[in-house]
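With UniProt numbering, the residue at position 31 of the sequence shown is 31, and numbering never jumps.
Glycine included, each C-beta is placed from N, C-alpha and C at the ideal position.
No experiment lies behind these values; they were computed from the predicted model shown.
Structure, as structure tokens:
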Amino acid sequence: MTPKVSNEYKTQKKKEILLHAKNVFKRKGFEPTTMKDIKEEANISFGGLYMYFSNTEEIFLQLLELEFEANDEALAIHHSNSIWEQIQLFLQHQKADLKNMRDTLIPISYEYFVTAWREKHRVPFLENRYHVAKDKFTTLLKMGVANGEFTPTISIEDLSKLLISTLEGLNVSALFLEEDIGDFDKQLDALQKLLELALQVQEK
């Protein structure tokens, strides 16, 4: 009989595999990484690996979900701060993220999604993440309007889309350009100033 294992054990084992897989993806990229690479990194059998995951794409998408969840925390609404203060804190968080860009899965995510024009099954995941980010920004900005902090001169929806596009552009630039060339901190400062003007932030 196959020995029974607890759900807690399965959850922990899955986390361990994901952690090892993340190291492999960061080192090799998405396309070159094989299940054999992950098996060897995690020091488990193929049977043990396939018990939890079917292929490298499934593993990678689960890792992306975990990273996106962590990023979503940076946009979580904290009622102890004004909405504008939360936006400022978020942009400060982005500065740190850009500096650590090459030590994350972001470069590999661009490798994965850049072929979505051909690999159509990858598009829904990307579209979903876009809508989630847009909805979070929109909700945050609408709260600022509702509490009297903002009197925007541009639609909230358009500002949310602009913010996402600008941050994505900075992410791509940070993959290839050094800080002294891209001046990413200054660009984020400029973005904050533009948002302040477009939202007509009211002094509290």
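For this session: For residue 32, count neighbouring Cβ atoms within 10 angstroms of its own Cβ and tell me buried if that reaches 16, exposed if not.
Result: exposed
For this session: Kindly indicate which three-state DSSP category residue 116 falls into: helix, strand or coil?
Result: coil
Exercise. Got a sec? Which residues, its chain only, sit under 6 Å from residue 206 by beta carbon, not counting five neighbours each side?
Worked result: The structure shown does not extend to residue 206, since the chain is modelled only from 1 through 204, so no value can be given for it.
Exercise. So, helix, strand or coil for residue 150, using DSSP?
Worked result: coil
Problem set entry | CA-to-CA distance, residue 61 to residue 138, given in whole angstroms | 25 Å
Exercise. Which runs of the alpha helix (DSSP H) spanning at least 4 residues fall entirely within the segment 44-78, listed in chain order?
Worked result: 46-50, 56-74
Exercise. How far does the alpha helix (DSSP H) with residue 206 in it reach, from first residue to last?
Worked result: This structure leaves residue 206 out entirely; the chain is present only between 1 and 204.
Exercise. What's the C-alpha gap between residue 109 and residue 141?
Worked result: 28 Å
Problem set entry | Below-8 Å beta-carbon distance, residue 49 vs any chain B residue | No chain B appears in the structure shown, which is made up of a single protein chain.
Problem set entry | residue 93 - containing alpha helix (DSSP H), residue span | 83-99
Exercise. Does the distance from the CB of residue 145 to the CB of residue 156 come in under 8 Å?
Worked result: yes
Exercise. The alpha helix (DSSP H) with residue 104 in it runs from where to where?
Worked result: Where residue 104 is concerned, there is no enclosing alpha helix (DSSP H), given that its DSSP letter is neither H nor E.
For this session: Take every Cβ of the segment 154-174, pair it with every Cβ of the segment 90-104, and state whether three or more of those distances are shorter than 8 Å.
Result: yes
For this session: Over the uninterrupted alpha helix (DSSP H) stretch that includes residue 187, give me the two end residues.
Result: 184-199
For this session: Answer with buried or exposed for residue 151, where buried requires no fewer than 16 other C-beta atoms within 10 angstroms of its C-beta.
Result: exposed
For this session: Could you spell out where the alpha helix (DSSP H) holding residue 177 opens and where it closes?
Result: Note, residue 177: premise wrong, no alpha helix (DSSP H); not H, not E.
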